[in-house]
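Chain order of the listed sequences is A and B.
Read in order, the letters of the first sequence correspond to residues 1 to 116 in my numbering.
Read in order, the letters of the second sequence correspond to residues 1 to 146 in my numbering.
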Amino acid sequence: MIYLNSILFCGIICVIGQIILDNTKLTPGHITTIFVVLGAFLDSFNIYDKFVLWAGGGALVPITSFGHLLIHGAMDTVNNFGVMGLFMGMFDLTSSGIVAAIIFSFILSFIFKPQD
Amino acid sequence: MEKKKYQSMVEKHTPKENTLFNCLISFFIGGFMGFLGQLLVDLYSYYLNIPTKEASTFMIITLVFIGCLFTALGFFDKWVNFAKCGLIIPITGFAHAMMSAALEYRKEGLVTGLGANMFKLAGSVIIFGVVSAYVFGLLRILIIGG
């Protein structure tokens, strides 16, 4: 059942992005940025956590989960250290994705040549 | 007058996007990516005996690796042209943006090319993510106190 939910959730997020892309002059860069901000907004009142419980991995795959993990990590340290915690824990949970992207693209850019 | 004429000519010759077809494609490709994510989480947590939270981190690393590798091999661009948001919205789009910037600027040198331009496309995601998370975090502290 959770597989069906993840297909539905991820598919619907992608369709919303596609509708925005087709009907406005925004570039893909704008759309990913909008979705990150949307994910952070949804998680600031614990709505995205419910999506994660409902759709499992399907809610973690779209870029909205990036914003969700940013504010989630920040809020974990806020509980211990107050306002200063906002600066400390923001990358706690997202670091894996960012570091993986940096390392893999650094290494692979030495191996492969750009293709036209 | 000339400008208006030109505008109408441009509008006439701009290729019409088939929105319904695009939406269907991105729904199925995006849904498949979500399915793949959940499948990887289950596989990792079953075979490596780790909690779901760590398994989902592993899943994100795997998807980023897949996105980077296929972009470097050269055929991810064609897939993105076909599936559009179905591959841009999932985390593979982030990896694709980083990898194509790294590939493109690699020939301009290590520091001034690769180092300075790697975040050229993907940087806005991180910048706006951090700024919005900070603002929403502050609001949340003010409203419900952490």
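Beta carbons are placed, not taken as given, at the ideal position from N, Cα and C, and that holds for glycine.
Bear in mind that the values here come from a model prediction, so they are computed numbers and not experimental data.
Beta bridge counterpart(s) of residue i as assigned by DSSP
{"i": "residue 90 of chain B", "result": "A:62"}
Residue from the options whose Cα sits closest to the Cα of residue i
{"i": "residue 33 of chain B", "options": "A:91, A:9, A:96", "result": "A:9"}
{"i": "residue 77 of chain A", "options": "A:32, A:67, A:90", "result": "A:90"}
{"i": "residue 144 of chain B", "options": "A:60, A:44, A:94", "result": "A:44"}
{"i": "residue 82 of chain A", "options": "B:95, B:140, B:79, B:47", "result": "B:140"}
{"i": "residue 152 of chain B", "options": "A:109, A:87, A:104", "result": "Absent from the structure is residue 152 of chain B, since the part of chain B shown begins at 1 and ends at 146."}
{"i": "residue 66 of chain B", "options": "A:48, A:49, A:71, A:105", "result": "A:105"}
{"i": "residue 92 of chain A", "options": "A:84, A:102, A:71", "result": "A:71"}
{"i": "residue 30 of chain A", "options": "B:137, B:122, B:142", "result": "B:122"}
{"i": "residue 1 of chain A", "options": "B:138, B:7, B:39", "result": "B:39"}
{"i": "residue 70 of chain B", "options": "A:112, A:24, A:20", "result": "A:112"}
{"i": "residue 85 of chain A", "options": "B:7, B:137, B:2, B:21", "result": "B:137"}
{"i": "residue 11 of chain A", "options": "A:103, A:108, A:59, A:50", "result": "A:59"}
{"i": "residue 102 of chain A", "options": "B:111, B:108, B:107, B:115", "result": "B:115"}
{"i": "residue 26 of chain A", "options": "B:85, B:47, B:130", "result": "B:85"}
Beta-carbon gap between residue i and residue j smaller than 7 Å
{"i": "residue 62 of chain A", "j": "residue 51 of chain B", "result": "no"}
{"i": "residue 22 of chain A", "j": "residue 92 of chain B", "result": "no"}
{"i": "residue 88 of chain B", "j": "residue 96 of chain A", "result": "no"}
{"i": "residue 132 of chain B", "j": "residue 40 of chain A", "result": "yes"}
{"i": "residue 124 of chain B", "j": "residue 18 of chain A", "result": "no"}
{"i": "residue 67 of chain A", "j": "residue 37 of chain B", "result": "no"}
{"i": "residue 29 of chain B", "j": "residue 83 of chain B", "result": "yes"}
{"i": "residue 55 of chain A", "j": "residue 5 of chain A", "result": "yes"}
{"i": "residue 104 of chain B", "j": "residue 114 of chain A", "result": "yes"}
{"i": "residue 128 of chain B", "j": "residue 99 of chain A", "result": "no"}
{"i": "residue 97 of chain B", "j": "residue 64 of chain B", "result": "no"}
{"i": "residue 23 of chain B", "j": "residue 15 of chain A", "result": "yes"}
{"i": "residue 59 of chain B", "j": "residue 41 of chain B", "result": "yes"}
{"i": "residue 69 of chain A", "j": "residue 33 of chain A", "result": "no"}
{"i": "residue 7 of chain A", "j": "residue 31 of chain B", "result": "yes"}
{"i": "residue 35 of chain A", "j": "residue 64 of chain A", "result": "yes"}
{"i": "residue 102 of chain B", "j": "residue 120 of chain B", "result": "no"}
{"i": "residue 3 of chain A", "j": "residue 75 of chain B", "result": "no"}
{"i": "residue 68 of chain B", "j": "residue 99 of chain B", "result": "yes"}
Reduced DSSP secondary structure (H/G/I, E/B, other) of residue i
{"i": "residue 145 of chain B", "result": "coil"}
{"i": "residue 44 of chain A", "result": "coil"}
{"i": "residue 29 of chain A", "result": "helix"}
{"i": "residue 122 of chain B", "result": "coil"}
{"i": "residue 109 of chain B", "result": "coil"}
{"i": "residue 24 of chain A", "result": "coil"}
{"i": "residue 84 of chain A", "result": "helix"}
{"i": "residue 106 of chain A", "result": "helix"}
{"i": "residue 149 of chain B", "result": "This structure cannot speak to residue 149 of chain B, because chain B is shown only from 1 to 146."}
{"i": "residue 84 of chain B", "result": "coil"}
{"i": "residue 89 of chain A", "result": "coil"}
{"i": "residue 58 of chain B", "result": "helix"}
{"i": "residue 112 of chain A", "result": "coil"}
{"i": "residue 94 of chain A", "result": "coil"}
{"i": "residue 1 of chain A", "result": "coil"}
{"i": "residue 17 of chain A", "result": "helix"}
{"i": "residue 73 of chain A", "result": "helix"}
{"i": "residue 56 of chain A", "result": "coil"}
Any non-hydrogen atom of the ligand ADP within 6 Å of residue i CB
{"i": "residue 6 of chain A", "result": "This structure lacks the ligand ADP, and indeed carries no ligand of any kind."}
Could you tell me which whole alpha helix (DSSP H) segments of length 4 or greater appear in the segment 8–54 of chain B?
If we require 4 residues or more, the alpha helix (DSSP H) runs fully inside the segment 8–54 of chain B come out as 19–47.
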